[in-house]
Amino acid sequence: MDEALLHFFASLDRSLFLDRTYKAFAKLDRPLPIAMGQTISQPSLVLYMTDQLQLNKTHKVLEIGTGSGYQTALLAEFCHEVFTVELYTELQAQARERLASLGYHTIHYKLGDGSLGWVEHAPYDRIMVTAAPKTIPPELVEQLAPEGIMIIPVGPAGWQELVMMTKDKEGQVHRQKLLDVAFVELVGKYS
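The numbering of the sequence shown is numbering that gives the first Met the number 0, which starts it at 0 and goes up by one.
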């Protein structure tokens, strides 16, 4: 585990990303509800997924599913800039306000179908997907840069595989299963 990531993660107050109703549960290692039927992921899984990206300060990262902004803050701390796509206006507005109040200014926001990525700013060194499509969207694979890494939960509602997709220098894509997980469904073309 990256020590700098571990240290920052321990200092990031998850309660800042929760509605008043759930703030008392912020320290629990479990997913919690946020608006629009979505969830903030379990902290240990957020940390694990972020560590698997092997981020550095030169990376341009695409995040699919801004949600509460918790994962976004973690990404923004360890890369050059984050491009984050959220389907729900309410979630994006809340996350944008939270992240701005915490001093994050290298985050770019888009409303829309995250399974399509954000082609205008591709390619991305890293892609983090925080909701599960039934299959891996080819648009996201196309937007991954050579030597890039994508972390994505994939599978049917209720039970998925967390997968690491890597693209080598020649553009060949490799898939590795990391864990069994349960994420909310990615709503869009690949749901």
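Glycine is no exception: its CB is placed at the ideal position from the N, C-alpha and C atoms.
Proximity of residue i and residue j at Cβ, strictly below 8 angstroms
i      : j      : result
Leu31  : Phe24  : yes
Leu54  : Arg125 : yes
Ile151 : Leu52  : no
Pro42  : Arg19  : no
Gln159 : Ala131 : yes
Tyr87  : Met35  : yes
Thr49  : Leu74  : yes
Leu143 : Met164 : yes
Glu76  : His107 : no
Lys188 : Pro155 : no
Of the listed residues the options, nearest to residue i (C-alpha basis)
i      : options                          : result
Gln37  : Ser190, Glu184 and Lys188        : Glu184
Lys166 : Ala156, Arg97, Leu139 and Gly154 : Leu139
Glu62  : Asp179, Thr83, Ile135 and Tyr189 : Thr83
Gln193 : Phe182, Ile135 and Gly187        : The displayed coordinates of the chain run from 0 to 190. Any statement about residue 193 would go beyond what the structure contains.
Val186 : Leu4, Leu98 and Leu110           : Leu110
Lys56  : Ala156, Gly102 and Leu4          : Leu4
Val180 : Gln171, Gly157 and Ser100        : Gly157
Gln171 : Glu141, Ser190 and Asp1          : Glu141
Phe182 : Cys78, Ile39, Phe8 and His173    : Ile39
Leu44  : Phe8, Ser190 and Glu96           : Phe8
8 angstroms contact criterion, which residue i and residue j should meet: CB distance rounded
i      : j      : result
Gly64  : Glu85  : 7 angstroms
Ala92  : Gly66  : Actually they do not touch by this definition, with Cβ atoms about 12 angstroms apart.
Leu177 : Val162 : 7 angstroms
Lys168 : Pro145 : 5 angstroms
Leu98  : Thr71  : 6 angstroms
Val60  : Tyr21  : Between Tyr21 and Val60 the Cβ distance is about 27 angstroms, and since that is not below 8 angstroms, they are no contact.
Cβ-based burial, residue i [other Cβ within 10 Å; buried from 16]
i      : result
His104 : exposed
His58  : buried
Leu27  : exposed
Gly113 : buried
Leu90  : buried
Ser10  : exposed
Val118 : exposed
Ser100 : exposed
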